Amino acid sequence: MTLLYFILSILQSLVLPKLVHVLQMQRHGIAASTSNLMKEYYPNGLISLTTSGMRMMYLSGIYFRQRYIENPNYSGFIDDNLIDKQIGISNSDVIRTVQSSQAFYQGLVINNSQSLQLKTHHRKSISQSRSSSPIQVEMHHDEKTQDDIEKILSEYNPMFSRTFSRAQKDKVNTFSCKILTEMHFYLQTYQSELYAWPRVYEHFRSTGIYKVMAERLEISEEVLKLSGFQFVYTQAVLLSSLKRQFDFQEIDVQPLSYSEWNTIESIITTHQYGVFSQWMIDLQNMRLMQLFIRQLDKKVNCILSKSLYQCREMMQYEIFIYHDLNLLAVMKLLNFEQQYKYTQYSSAVLFELHFDQNQHKRGYCRGLDCFHIKIYINEDQIFTELPFCDYQTQKCKYTQFIQYVESRYIKDIDTDKICNEQFDPMRLIRHKAHII
């Protein structure tokens, strides 16, 4: 049966379109709270990954190894002997993305896909977290104490850090663009409270959640009511951090109901989207997609002018591990539904480039028409939501994907030049956060 399956897989790989390139935008793993009130609970320091976050990214790496390296349907996509040339990982300079890349890479390049053995309190932390990894990876539970996370860090091989130039990383990193950084942080200040946040602040006040939050955090409800939405958001994140890290009974905090957690998550997601105006999102996506299309074009041109075999030492699988705002921008580009679950920790958007090799050889397609794109959010393929996909062929042509992306660009601007422009708060005077 195994031999038959192997033969069928080989035959299928000869007929089906070949996977030739993957671009992956992923959020980092669970990070510690930024609140000084939480210092004692995070021995690795604030803003660093928690132990659960490190494990989450390691397991995510294992999942993508199973998907792209060990999957017989994608036979030949990644060669274990060429991993240092075919796989590249980029991250921002922030410690939580650096640690996420380290853990992910170790899971991706291990010689087998056996899962980590988890300590009891780590397993409890993951099972209680509604922000656990959206990638479903089977985990073997064991009671034995293990130094698995320390092992991940100690065995970290930084060779992939040379695969991306600073200019390429800057295209992905929002904070390398001066005007985007200043606008983003301005929308998180109390100066923006009067015009950007009043409507969402009043909406959540009317739900009664401020009273619930005040009781759980042992602060005055009046403080929440008078401090504005920025403060409400920081307290929602604090509650979420407490929930991810502990059983509420362990810290003598009364648990919240399912609907109350939904409201807390809505506050967080509303703020995530609210600190971006549409112009900011368009600029961020323009910078990112210019890089993505350039990388895909290199592969397409190589295959058409040479062959798949001759292009095998080019980059095949590019992983960009950054922040929620990077993921949010891509979601907006795709006009995808705005939900908490799609941008939580370790969530990923994947752009797969496929080549109809068999059709190309037979002359049934020519040039760029032989390539199509598949887009996934975590494990789910997105098709019906995308306007550039053909329902008759069930494919999203590469050429139509490019046309769609470029139609969303801001017209007649130089992205590098505009990043250095002086920020004027009046640019954001019409921006209003909306409820998610």
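Letter by letter, the sequence shown follows residues -17 to -1, 1 to 419 in mature numbering (1 follows the signal peptide of the UniProt record, and there is no 0). The C-beta atom is built at its ideal place from N, Cα and C for all residues, glycine as well. Computed from a predicted model, the values in this text were never measured in an experiment.
Problem - Cβ-based neighbour list, E176, same chain, cut-off 6 Å, excluding 5 preceding and 5 following - result: Here residue 176 refers to the residue found at position 193 when the sequence shown is read from its first residue. So the list reads G211, once near-sequence residues are dropped.
Practice task
Flag this pair as yes or no: are the beta carbons of I247 and S223 separated by less than 8 Å?
Solution key: Along the sequence shown, read from residue 1 onward, the residue named residue 247 stands at position 264. Along the sequence shown, read from residue 1 onward, the residue named residue 223 stands at position 240. Cβ atoms of I247 and S223: closer than 8 Å.
Problem - Cβ contact check for the stretch 145 to 159 and the stretch 272 to 290: 3 or more pairs under 8 Å - result: Yes, since at least three Cβ pairs between the stretch 145 to 159 and the stretch 272 to 290 fall closer than 8 Å, the two stretches touch.
Practice task
Could you pull out every unbroken beta strand (DSSP E) segment of at least 3 residues lying fully inside the stretch 289 to 346, listed in chain order?
Solution key: DSSP runs (the beta strand (DSSP E)) wholly in the stretch 289 to 346: 300 to 305, 331 to 338.
Practice task
Go ahead and pull the three-state DSSP assignment for K152.
Solution key: Counted from its first residue, the sequence shown places residue 152 at position 169. Annotated three-state conformation of K152 is helix, per DSSP.
Practice task
Would you please state the rounded distance, in angstroms, between the beta carbons of Q255 and T326? I believe it to be under 8 Å.
Solution key: Counted from its first residue, the sequence shown places residue 255 at position 272. Counted from its first residue, the sequence shown places residue 326 at position 343. That pair is a contact at about 7 Å.
Practice task
Tell me the start and end of each unbroken beta strand (DSSP E) in the stretch 185 to 245 that is at least 3 residues and wholly inside, in chain order.
Solution key: Under the rule that a run must span 3 or more residues, no beta strand (DSSP E) segment is found entirely inside the stretch 185 to 245.
Handout entry: Reduced DSSP secondary structure (H/G/I, E/B, other) of D363
Key = Position 380 of the sequence shown holds residue 363. Strand, per DSSP.
Problem - Distance, S148 Cα to S83 Cα - result: As a working note, residue 83 is residue 100 in the sequence shown. As a working note, residue 148 is residue 165 in the sequence shown. About 19 Å.
Handout entry: Top-ranked residue by Cα proximity to R349, from Q174, V283, I70, Y184
Key = One-based indexing of the sequence shown puts residue 349 at position 366. Scanning Q174, V283, I70, Y184 for the CA closest to the CA of R349 turns up V283.
Handout entry: 8 Å Cβ cutoff met for M39 and I13
Key = Residue 39 sits at position 56 when you count from the first residue of the sequence shown. Residue 13 sits at position 30 when you count from the first residue of the sequence shown. The answer is yes: Cβ separation under 8 Å.
Exercise for the section: With a threshold of 16 other CB atoms inside 10 Å of the CB of A331, please say whether the residue is buried or exposed. Expected result: Within the sequence shown, residue 331 is the residue found at index 348, counting from 1. Buried, since its Cβ has 16 or more Cβ neighbours within 10 Å.
Handout entry: Alpha-carbon to alpha-carbon, K281 and Q364
Key = Position 381 of the sequence shown holds residue 364. Position 298 of the sequence shown holds residue 281. One Cα belongs to Q364, the other to K281, and the distance between them is close to 25 Å.
Exercise for the section: Taking all protein chains shown into account, decide if L2 is buried (16 or more other Cβ within 10 angstroms of its Cβ) or exposed. Expected result: The count along the sequence shown starts at 1 and reaches residue 2 at position 19. Under this definition L2 is a buried residue.
Problem - Range covered by the alpha helix (DSSP H) that runs through M39 - result: As a first step, residue 39 is located in the sequence shown; it is residue number 56 there, counting from the start. Residues 34 to 51.
Handout entry: Identity of the residue in F319, D307, F334 nearest Y328 by Cα
Key = Taking the sequence shown and counting its residues from 1, one reaches residue 328 at position 345. Closest option to Y328, Cα to Cα, is D307.
Practice task
Quickly, what does DSSP pair A14 with across the bridge? List them, please.
Solution key: Locating residue 14 in the sequence shown gives position 31, counting from the first residue. When beta bridges are read from the DSSP output, A14 appears opposite L32.
Exercise for the section: If I'm right that C160 touches C402 with Cβ under 8 Å, what's the distance once you round it to whole angstroms? Expected result: Taking the first residue of the sequence shown as position 1, residue 160 is located at position 177. Taking the first residue of the sequence shown as position 1, residue 402 is located at position 419. So it is a contact: roughly 4 Å between Cβ atoms.
Exercise for the section: Buried or exposed for K226, please, with buried defined as at least 16 other CB atoms from any protein chain shown within 10 angstroms of its CB. Expected result: Working through the sequence shown from its first residue, we reach residue 226 at position 243. Buried, since its Cβ has 16 or more Cβ neighbours within 10 Å.
Exercise for the section: Starting from F60, follow its DSSP beta bridges and name the residues at the other end. Expected result: For the purposes of this step, residue 60 is taken as residue 77 along the sequence shown, with counting starting at 1. Note: F60 sits in no beta bridge, so no partner.
Problem - Span of the alpha helix (DSSP H) around I401 - result: As a position in the sequence shown, residue 401 is number 418, starting the count at 1. Looking at the DSSP string, the run of the alpha helix (DSSP H) that includes I401 is 398 to 402.
Handout entry: Under 8 Å between C-beta atoms of H4 and L239
Key = Within the sequence shown, numbered from 1, the residue matching residue 4 stands at position 21. Within the sequence shown, numbered from 1, the residue matching residue 239 stands at position 256. Contact: no.
Handout entry: Among N361, K357, E198, nearest to F(-1) - alpha-carbon criterion
Key = Working through the sequence shown from its first residue, we reach residue -1 at position 17. The sequence given here has Pro at residue -1, not Phe. Comparing alpha carbon positions, the residue from N361, K357, E198 closest to P(-1) is K357.
Practice task
Please name the residue in R413, I250, Q293, R10 whose C-alpha comes closest to that of M37.
Solution key: Within the sequence shown, numbered from 1, the residue matching residue 37 stands at position 54. Comparing alpha-carbon positions, the option among R413, I250, Q293, R10 lying closest to M37 turns out to be R10.
Handout entry: Distance between beta carbons of L6 and G44, contact taken as under 8 Å
Key = For the purposes of this step, residue 44 is taken as residue 61 along the sequence shown, with counting starting at 1. For the purposes of this step, residue 6 is taken as residue 23 along the sequence shown, with counting starting at 1. Not really, about 17 Å apart at Cβ, beyond 8 Å.
Exercise for the section: Taking E243 and L65 to be in contact with their CB atoms under 8 Å, please state how far apart those CB atoms are, rounded to whole angstroms. Expected result: As a position in the sequence shown, residue 243 is number 260, starting the count at 1. As a position in the sequence shown, residue 65 is number 82, starting the count at 1. At roughly 50 Å, the Cβ-Cβ gap does not stay under 8 Å, so E243 and L65 are not in contact.
Practice task
Go through its chain and collect everything with a Cβ distance to F303's Cβ below 6 Å, but skip five positions before and after it.
Solution key: Residue 303 sits at position 320 when you count from the first residue of the sequence shown. If we look at F303 and ignore the five residues flanking it on each side, its Cβ neighbours are M8, S73, V155.
Practice task
Rounded to whole angstroms, what's the CA-CA distance from L266 to I393? Just pull it up for me.
Solution key: Here residue 266 refers to the residue found at position 283 when the sequence shown is read from its first residue. Here residue 393 refers to the residue found at position 410 when the sequence shown is read from its first residue. Whole-angstrom Cα-Cα distance: 7 Å.
Practice task
Closer than 7 Å by C-beta to R391: which residues in its own chain qualify, once you throw out the five before and the five after it? Chain order, please.
Solution key: Walking along the sequence shown from the start, residue 391 turns up at place 408. Excluding five sequence positions before and after R391, the CB atoms of its chain that fall closer than 7 Å to its own CB belong to D265, N268, L316, given in chain order.
Exercise for the section: Leaving aside the five residues before and after Q232 along the sequence, list all residues of the same chain whose C-beta is less than 7 Å from its C-beta, in chain order. Expected result: In the sequence shown, the residue the question calls residue 232 occupies position 249. Low per-residue confidence applies at Q232: pLDDT is 47, beneath 50, and the placement is therefore not dependable enough to give any value.
Problem - Selected residue, minimal CA-CA separation from C372, among F354, V313, Y178 - result: Your numbering for residue 372 matches position 389 in the sequence shown. Checked all of F354, V313, Y178; the closest Cα to C372 is F354.
Problem - Where Q9 sits in the DSSP three-state scheme - result: For the purposes of this step, residue 9 is taken as the residue at position 26 of the sequence shown. In the structure shown, Q9 falls within a strand segment according to DSSP collapsed to helix, strand and coil.
Exercise for the section: Taking all protein chains shown into account, decide if L209 is buried (16 or more other Cβ within 10 angstroms of its Cβ) or exposed. Expected result: As a working mapping, residue 209 is identified with position 226 in the sequence shown. Its Cβ having fewer than 16 others within 10 Å, L209 is exposed.
Practice task
Just mark S35 as buried or exposed, buried being the case when its beta carbon has 16 or more other beta carbons within 10 Å.
Solution key: The residue labelled residue 35 in the question sits at position 52 within the sequence shown. Result: buried.
Practice task
Measure the C-alpha to C-alpha separation of F168 and D76 and round it to an integer number of angstroms.
Solution key: Translated into positions along the sequence shown, residue 168 becomes position 185. Translated into positions along the sequence shown, residue 76 becomes position 93. C-alpha separation (whole angstroms): 18 Å.
Exercise for the section: Whole angstroms is fine: what's the gap from M298's alpha carbon to Y387's? Expected result: As a first step, residue 298 must be located in the sequence shown, where it is residue number 315. As a first step, residue 387 must be located in the sequence shown, where it is residue number 404. Roughly 24 Å between the two C-alpha positions.
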